[in-house]
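Residue numbers (this note's numbering), protein chains in the order written: chain A, 1 to 287; chain B, 288 to 574.
We put the beta carbon where it would ideally sit given N, CA and C, even for glycine.
Everything on this sheet refers to the single structure shown next.
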């Protein structure tokens, strides 16, 4: 499978790595990039991520075979509205957003009759780094990509977008957008929120320097994700607000239970909680 | 400085590494080990951690220069009562417990007039591994050890115990037991509790297999400490209950604030919290 023309909106870690990976698989003809920062686009061109910097969205999209939206999720709706009227009937659009309910809603609101050509995707590739300079052809190798197909998508369209991500080396699975957002609220968005919360709590103390000077490897790992982008996580939290509120509520209940056990000196209850957690965490291996 | 006879109670990671490190520094003459498990003691002897397996606590302690209590904290009070009457006036006792208020209370309750010879210590050496087989001569190199001296300790006794830990390669500092327990409630005990809580919360779901199958590197790091020993962390939580309840209460308040911001759609507040956390976490480096 080869896409003769690929258009990438946002040539940072996610978009740039997608382009490099498709090129490496010999699956991309010309790659054209769009983005907000001329400097980033020029860097992407110099790094061989894209062949050309796009100037005119409508014109470039007209003969595109594959379009990737790898901008912040908040900018996707406007982009969808601009590209939808210009898409060829065979063209496919996918994205790299971390939340799916909001992206799907934006697609329905902005793509009109072209919504069947949009196959939403969430590539799960850790992103401590960002920007075109961090893009790598092997970023997606062995990583999970979740597709959340729409009822309007044809089986063939879904299969071709699946294949594109597989050519990047990804392991592709499918969920509904709702399932996706619930799953990631639990295993990703909530942990990020909790990690930010711990550091924020300590950051407000008069003795924060002393506290941090005694923090060790447990703290280091627990708070690694608190060094993530505040803007990106603000957007993810807002976009997945309902599912995240459910998860946060459930976790606060869990802490109430633990607080009570601790306050009552119920050592057995604590051990029971810790033991189940250890068993489940010990048996878990990242896939 | 050389300790002609060192007696170690508990020849696992902490006690075994202390013995190996003192030997490597040529600071230990004979090393005698006690412990609950004959198999562990025999292994420690075979690994060269100890010279001999002790049989009679009273007899072995009589001519000891340095005694390390590296058993679970809950067993230390009974041990202190057995060794105190037999200690030479020049002998020093230190420990490897993760909490200090309870160890200090046990010392006052069980060591009588010998309490001045006990200089409490907390070596901060990550312990995913345990047991004699995990002991290493370099475990403490560059690691922090916190002493929480008692008013009864002479300056010379504190200096000699400090030197013993320094000979193991540790960076030694001093806090009061109360300060110690407050600091570690915040930067170690609370994060462990929160990590156990998250995994326990997910472990009770019907779809836990699905959830865990999509968990990635953020989850992996956040929950690494949830694979810690349930018994050890039950004991630490119970021993440091008051300080930990304060920290847990403060954290639950923090979550209330975040819950409210999220429920009200206050994106600015979320970004403010995340930004401060990121700044503080980004500037922190493990010392």
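Measuring C-alpha to C-alpha distances from residue 223 of chain A to each of B:534, B:474 and B:533 identifies B:474 as the nearest. Per DSSP, residue 383 of chain B lies in no beta strand (DSSP E) segment and is marked neither H nor E. For residue 280 of chain A, the enclosing alpha helix (DSSP H) covers residues 267 to 283. The C-alpha of residue 296 of chain B lies about 20 Å from the C-alpha of residue 444 of chain B. Comparing C-alpha distances from residue 147 of chain A to each of A:165, A:200 and A:138 shows the shortest one belongs to A:165. Contact with chain B is found for residue 281 of chain A, since one of that chain's Cβ atoms lies less than 8 Å from the residue's Cβ.
Using beta-carbon distances, residue 157 of chain A does not count as an interface residue toward chain B, since no partner is under 8 Å.
Under the three-state reduction of DSSP output, residue 460 of chain B falls in the strand class. The region 92 to 106 of chain A makes contact with the region 70 to 77 of chain A; the number of CB pairs closer than 8 Å reaches 3 or more.
The residues 344, in chain order, have a CB closer than 6 Å to that of residue 369 of chain B in the same chain once the five nearest residues on each side in sequence are set aside. CA-to-CA, the gap between residue 479 of chain B and residue 138 of chain A works out to about 34 Å.
Sixteen is the threshold: since fewer than 16 other Cβ atoms of the shown chains lie within 10 Å of the Cβ of residue 492 of chain B, the residue is exposed. Residues of the region 537 to 548 of chain B that bring their beta carbon within less than 7 Å of a beta carbon in chain A comprise 537, 538, 539, 541, 542, 545 and 546, in sequence order. At a C-beta separation below 7 Å, residue 510 of chain B has these neighbours in chain A: 281. For residue 396 of chain B, there is no enclosing beta strand (DSSP E); the residue is part of the alpha helix (DSSP H) that begins and ends at 388 to 397.
If you look at residue 81 of chain A, you'll find it in the alpha helix (DSSP H) that goes 76 to 83. Contact annotation for residue 431 of chain B against chain A: 213, 214 and 216 [CB-CB distance below 9 Å, chain order]. Contacts with chain A at 8 Å (Cβ-Cβ) do not include residue 405 of chain B.
The beta carbon of residue 488 of chain B sits closer than 8 Å to some beta carbon of chain A. Cβ-Cβ separation between residue 270 of chain A and residue 521 of chain B: approximately 5 Å, consistent with a contact (criterion under 8 Å). Residue 147 of chain A is bridged by DSSP to A:121 and A:174.
The C-alpha of residue 3 of chain A lies about 9 Å from the C-alpha of residue 22 of chain A. In this structure, B:293 is the residue among B:357, B:372, B:293 and B:555 with its C-alpha nearest to the C-alpha of residue 351 of chain B.
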